[in-house]
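*Asks:*
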Amino acid sequence: MSQPDILNKPLAESSPISPEALACPVQYNERLRTEAPVYHCPHSGIYFVSDYETVRRIAKDHETFSNKFGQAMRPTQEVDEELAAIQAEGYQSVDTMLTEDPPVHRRYRGLVNQAFTARRVSTLEPNIETICHGLIDKMLAKGEVDFVTDFAEPVPLTVIAEQLGVSLEDYELFKTWSDAFVAQLSGMASREESLEAARMIVKFQQYFAARLEERRENPQDDIISDIVHAKFEDELPLDIPEMLSILQQLLVAGNETTTSSIAEAVLLWIQYPDQFAKLKANPDLVDNLVEEVLRLSTPTANMWRVATKDTEIQGTPVPAGSMVMIKFSSANRDAEVYPDPHTFDIERENVKTQIAFGYGVHMCVGASLARKEMNVAFRCLLERIEKFELLEEIEDLNYPPNVLLRGVSGLKLRVS
Ligand code: HEM
Numbered sequence: 005m006s007q008p009d010i011l012n013k014p015l016a017e018s019s020p021i022s023p024e025a026l027a028c029p030v031q032y033n034e035r036l037r038t039e040a041p042v043y044h045c046p047h048s049g050i051y052f053v054s055d056y057e058t059v060r061r062i063a064k065d066h067e068t069f070s071n072k073f074g075q076a077m078r079p080t081q082e083v084d085e086e087l088a089a090i091q092a093e094g095y096q097s098v099d100t101m102l103t104e105d106p107p108v109h110r111r112y113r114g115l116v117n118q119a120f121t122a123r124r125v126s127t128l129e130p131n132i133e134t135i136c137h138g139l140i141d142k143m144l145a146k147g148e149v150d151f152v153t154d155f156a157e158p159v160p161l162t163v164i165a166e167q168l169g170v171s172l173e174d175y176e177l178f179k180t181w182s183d184a185f186v187a188q189l190s191g192m193a194s195r196e197e198s199l200e201a202a203r204m205i206v207k208f209q210q211y212f213a214a215r216l217e218e219r220r221e222n223p224q225d226d227i228i229s230d231i232v233h234a235k236f237e238d239e240l241p242l243d244i245p246e247m248l249s250i251l252q253q254l255l256v257a258g259n260e261t262t263t264s265s266i267a268e269a270v271l272l273w274i275q276y277p278d279q280f281a282k283l284k285a286n287p288d289l290v291d292n293l294v295e296e297v298l299r300l301s302t303p304t305a306n307m308w309r310v311a312t313k314d315t316e317i318q319g320t321p322v323p324a325g326s327m328v329m330i331k332f333s334s335a336n337r338d339a340e341v342y343p344d345p346h347t348f349d350i351e352r353e354n355v356k357t358q359i360a361f362g363y364g365v366h367m368c369v370g371a372s373l374a375r376k377e378m379n380v381a382f383r384c385l386l387e388r389i390e391k392f393e394l395l396e397e398i399e400d401l402n403y404p405p406n407v408l409l410r411g412v413s414g415l416k417l418r419v420s
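This is the structure:
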């Protein structure tokens with residue numbers, strides 16, 4: 005296969021967030037790590053950080069590198085009247101966990117941690133297993149499937165939908181909302197797409213404001229009830245816009261990312277049959293498999309930070325207010341930490357150091373749930389599926405361009 009054009013040009017002639025660079029992240033990130041692990045892009049002014057140690061250092065230093073990038077993601081709000089009119093129908097958008105810093109972040113995170121306890125995650129296991137077996141039954145009956153829509157999407161979507169009090173008949177809506185948030189995050193949406201996403205987000209807010217009221221009156225054993233009733237020290241409970249912001253984050257972060265990792269695992273299964281033979285012989289390796297799949301897929305590929313003061317990164321001066329992109333996907337393939345980094349090795353010894361869930365105070369609140377979903381999904385697939393055959397060429401698979409997230413949109417397979 006010929007090398008994408010962008011890889012033959014000097015770095016300064018393109019941007020790391022152009023669709024061309026996003027289309028070949030593995031090779032492009034390798035170039036960044038080799039040529040400029042801290043790269044100041046002359047087109048966008050953004051600083052890109054791609055080596056493992058520096059990504060970790062920045063993720064940990066929340067005083068110098070803030071997560072308050074929410075405002076930067078909503079640039080057109082004031083200037084676009086049509087968008088403002090749509091948003092006026094819903095609740096005001098507030099920054100909570102992902103886009104807040106300590107000490108404010110600590111309050112939200114403390115409340116949400118109360119809903120993601122080890123007890124909660126372990127009680128979900130039998131249900132995740134039932135969901136997986138039901139989907140596998142359907143795939144085996146069909147023979148030819150789209151693994152993304154027939155398995156990788158419905159597993160996390162069903163789990164989180166149930167936990168957020170969404171009834172079965174509303175699942176399609178739920179998926180539409182998740183897609184709307186992802187479109188908003190992609191940094192690639194046209195104005196029409198942004199307006200449509202804003203309409204969907206208002207519907208999401210109205211729907212969940214009603215669910216929150218229901219749970220306030222009538223709590224159940226689920227995550228949404230825990231959030232409504234969570235209390236942090238002597239502080240007031242969360243108000244509706246705060247809770248909606250949190251639910252929105254759970255919806256997006258809980259679906260798209262887990263789906264991408266489960267789908268990527270099956271692609272690896274097809275490419276590395278010997279590794280999966282090892283796993284069938286020794287199912288105890290499944291925890292390692294989960295970590296190695298996370299390392300190679302890193303669905304939250306990149307994340308924003310904003311410099312709070314004049315600083316430097318590895319000697320490169322970074323003025324206050326600069327946008328910095330930390331590249332978890334690149335850090336996880338840094339040869340200094342992971343020898344032979346692009347090879348899938350379920351016995352990789354240091355794989356638990358992978359940072360697909362981030363690092364520092366923002367480290368993923370849903371990590372234990374995501375790990376559980378992947379673990380159960382892989383065990384069920386290993387038990388029931390003998391063979392996956394890809395019905396299209398690997399090079400033809402579609403990864404929609406998105407500056408933060410990466411995942412395949414469809415995977416046509418024959419299962420037996
Ligand atoms: C394979 C699956 C997942 C991956 C790779 C992933 C990745 C990440 C990463 C890298 C961050 C840190 C962002 C930063 O440093 O700014 C994060 C934060 C977060 N994730 Fe996940 N995530 C996954 C699944 C989930 C699930 C299942 C949920 C919830 C249902 C979830 C909810 C969140 C939330 C709310 C945050 C923000 C936490 C904070 O700012 O304190 N994620 N995730």
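Start counting the sequence shown at 5; every next residue gets the next number (my numbering).
Glycine included, each C-beta is placed from N, C-alpha and C at the ideal position.
Just to confirm the assignment: which complete alpha helix (DSSP H) runs, minimum length 4, are found wholly within the stretch 318-385?
*Replies:* 332-335
*Asks:* Which of the three DSSP states, helix, strand or coil, is assigned to Met247?
*Replies:* Your numbering for residue 247 matches position 243 in the sequence shown. Helix.
*Asks:* In whole angstroms, give me the CA-to-CA distance for Ala267 and Glu173.
*Replies:* Here residue 267 refers to the residue found at position 263 when the sequence shown is read from its first residue. Here residue 173 refers to the residue found at position 169 when the sequence shown is read from its first residue. Taking the straight line joining both Cα atoms gives about 25 Å.
*Asks:* Rounding to the nearest angstrom, what Cα-Cα distance links Ala360 and Gln91 in this structure?
*Replies:* The sequence position of residue 360 within the sequence shown is 356, counting from 1. The sequence position of residue 91 within the sequence shown is 87, counting from 1. Distance between the alpha carbons of Ala360 and Gln91: 33 Å.
*Asks:* For Trp428, list the residues DSSP reports as bridge partners.
*Replies:* Here the chain has residues from 5 to 420 only, and residue 428 is not among them.
*Asks:* Would you list the residues sitting across from His44 in a DSSP beta bridge?
*Replies:* What you label residue 44 is simply residue 40 of the sequence shown in a count that begins at 1. Partner(s): Tyr51.
*Asks:* Any heavy atom of ligand 1 closer than 7 Å to the CB of Pro223?
*Replies:* The sequence position of residue 223 within the sequence shown is 219, counting from 1. Pro223: no, Cβ never under 7 Å from ligand 1.
*Asks:* Using the C-alpha atoms, what's the distance from Val297 back to Ser334?
*Replies:* Reading the sequence shown from its first residue, position 330 is the one you call residue 334. Reading the sequence shown from its first residue, position 293 is the one you call residue 297. When rounded, the distance between both Cα atoms is 14 Å.
*Asks:* Secondary structure at Glu390, three-state DSSP: helix, strand or coil?
*Replies:* Position 386 of the sequence shown holds residue 390. It is coil, neither helix nor strand.
*Asks:* Less than 7 Å separating the Cβ of Ala4 from some heavy atom of ligand 1?
*Replies:* Outside the modelled stretch of the chain, which goes from 5 to 420, sits residue 4, for which no answer is possible.
*Asks:* What are the start and end residues of the beta strand (DSSP E) that includes Leu417?
*Replies:* Here residue 417 refers to the residue found at position 413 when the sequence shown is read from its first residue. Residues Lys416 to Val419.
*Asks:* At least one CB of chain C closer than 8 Å to the CB of Phe280: is that the case?
*Replies:* Looking at the structure shown, chain C is missing, and only one protein chain is on hand.
*Asks:* CB Ile330 to CB Ile132, shorter than 8 Å?
*Replies:* Start at 1 with the first residue of the sequence shown, and residue 330 comes out as number 326. Start at 1 with the first residue of the sequence shown, and residue 132 comes out as number 128. It is not a contact, given that the beta carbons lie outside the stated cut-off.
*Asks:* Suppose you measure from the CA of Thr68 to the CA of Pro321; what does that come to, to the nearest Å?
*Replies:* In the sequence shown, the residue the question calls residue 68 occupies position 64. In the sequence shown, the residue the question calls residue 321 occupies position 317. Cα-Cα distance, rounded: 13 Å.
*Asks:* Looking only at its own chain, which residues have a Cβ that is under 6 Å from the Cβ of Asn402, when we skip the five neighbours before and after it?
*Replies:* If you number the sequence shown from 1, residue 402 lands on position 398. Hits under 6 Å: Ser413.
*Asks:* For Val108, which three-state DSSP category applies?
*Replies:* Walking along the sequence shown from the start, residue 108 turns up at place 104. When DSSP states are grouped into helix, strand and coil, Val108 belongs to the helix group.
*Asks:* Reducing DSSP to helix, strand and coil, say where Ser190 ends up.
*Replies:* By 1-based counting over the sequence shown, the position of residue 190 is 186. It is helical.
*Asks:* In this structure, what does DSSP give as the bridge partners for Phe69?
*Replies:* Indexing the sequence shown from 1 puts residue 69 at position 65. Here Phe69 is bridged, per DSSP, to Ala311.
*Asks:* Is it the case that the CB of Ser126 approaches a heavy atom of ligand 1 more closely than 7 Å?
*Replies:* Position 122 of the sequence shown, counted from the first residue, corresponds to residue 126. The answer is no for Ser126.
*Asks:* Run through DSSP, which three-state label would Asp174 get?
*Replies:* As a first step, residue 174 must be located in the sequence shown, where it is residue number 170. Asp174 falls in the helix class under three-state DSSP.
*Asks:* Any heavy atom of ligand 1 inside 7 Å of the beta-carbon of Phe208?
*Replies:* Residue 208 sits at position 204 when you count from the first residue of the sequence shown. No.
*Asks:* Secondary structure at Glu316, three-state DSSP: helix, strand or coil?
*Replies:* To locate residue 316, count along the sequence shown from 1; it is residue 312. Of the three classes helix, strand and coil, the one that applies to Glu316 here is strand, per DSSP.
*Asks:* Do Arg113 and Tyr462 count as a contact pair if the criterion is CB distance below 8 Å?
*Replies:* For residue 462 there is no data in the structure shown, the boundaries of the chain being 5 and 420.
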